[in-house]
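Just so it is clear: in the sequence shown, position 98 is 92 by this note's numbering, and no numbers are missing.
The beta-carbon is built from N, C-alpha and C at its ideal position, and this holds for glycine as well.
Computed from a prediction, not measured in an experiment: that's the story for all the values here.
For reference, the structure is listed below as structure tokens.
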Amino acid sequence: MKKMITRFIASSLIGLQLGASFLAAPAMAADRFSSSFYASPSTRYSNTEQASPLPAYGAQIDTYFTDSMGNILMYVNVLGEVYKPGQQIVRQDADLSTLLSIVGGPKDKANLKKVKLLRYKPDEDGQQTYEINLKEYLETGDRSGFIELKPSDTIVFPEKKGLDTNLAFRILGAALSVATFIRVSN
């Protein structure tokens, strides 16, 4: 009888742990920017008015344009592991830090060491692709590695390669629970 009660308790604990770990995964993966402040930092709380996208009407894609307030603006494209990827309108003096805040920041899976900037047209020196270490900037605040943004630049935030630690810990926890159950039942 004592052995049966021990098995019942062990199997109940395993069931609770497995259920909790797999049910908690979607909640952990939920958007961390759910409040209105973080959802759109550039439009609601900015001290300058955000321009709405303007129709091209034959305008060249690699040019600057102005809004009704006289700000010089440009389109840039942001792809990859950010919260709001897509085409963004930014001021001509915007840098990668500003752009990162407009797109809601990097996701947890973003590889900030290997951010790529792809030019629509090559620079004066012929270079069209740059690799930028934004992780270094976030740790030190040093903007010296930033490249000046130009119209129609594409910035790509790649996904980290490697092991997903959350998944690894959940699998390890489940394996330990099964091992404990087997040990208790013998």
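Checklist entry - Considering T174, what are the terminal residues of the alpha helix (DSSP H) in which it resides? => result Within the sequence shown, numbered from 1, the residue matching residue 174 stands at position 180. From DSSP, the alpha helix (DSSP H) with T174 extends over 159 to 179.
Checklist entry - DSSP on I141, reduced to helix/strand/coil? => result By 1-based counting over the sequence shown, the position of residue 141 is 147. In the structure shown, I141 sits in coil (DSSP, three-state: anything other than H, G, I, E or B).
Next on the checklist: So within the region 56 to 98, which uninterrupted beta strand (DSSP E) runs reach at least 3 residues, ignoring any that extend past its ends?
Outcome noted: 66 to 74, 80 to 85
Checklist entry - What is the DSSP secondary structure of K154, reduced to helix, strand or coil? => result Your numbering for residue 154 matches position 160 in the sequence shown. It is coil, neither helix nor strand.
Next on the checklist: If I measure Cβ to Cβ from N127 and keep anything under 8 Å in the same chain, skipping five residues before and after, which residues do I get?
Outcome noted: Numbered from its first residue, the sequence shown carries residue 127 at position 133. Same-chain partners within the cutoff: L106, K107, K108, V109, G139.
Next on the checklist: Taking its Cβ as the centre, do 16 or more other Cβ atoms sit within 10 Å of A173, making it buried, or is it exposed?
Outcome noted: For the purposes of this step, residue 173 is identified with residue 179 of the sequence shown, where counting begins at 1. When all chains shown are included, A173 counts as exposed.
Item to check | Cβ pair L93, P100 closer than 8 Å | outcome: Residue numbering aside, residue 93 sits at position 99 when the sequence shown is read from its first letter. Residue numbering aside, residue 100 sits at position 106 when the sequence shown is read from its first letter. Cβ atoms of L93 and P100: not closer than 8 Å.
Checklist entry - Could you check where the alpha helix (DSSP H) with K201 kicks off and where it finishes? => result No answer is possible for residue 201: it lies beyond the span of the chain, which begins at -5 and ends at 180.
Checklist entry - V178 CB to nearest chain D CB: under 8 Å? => result The chain labelled as chain D is not found in the depicted structure, where only one protein chain is given.
Item to check | Nearest residue (CA-CA) to Q81, options D87, S179, N180, I96 | outcome: Start at 1 with the first residue of the sequence shown, and residue 81 comes out as number 87. Nearest option by C-alpha distance: I96.
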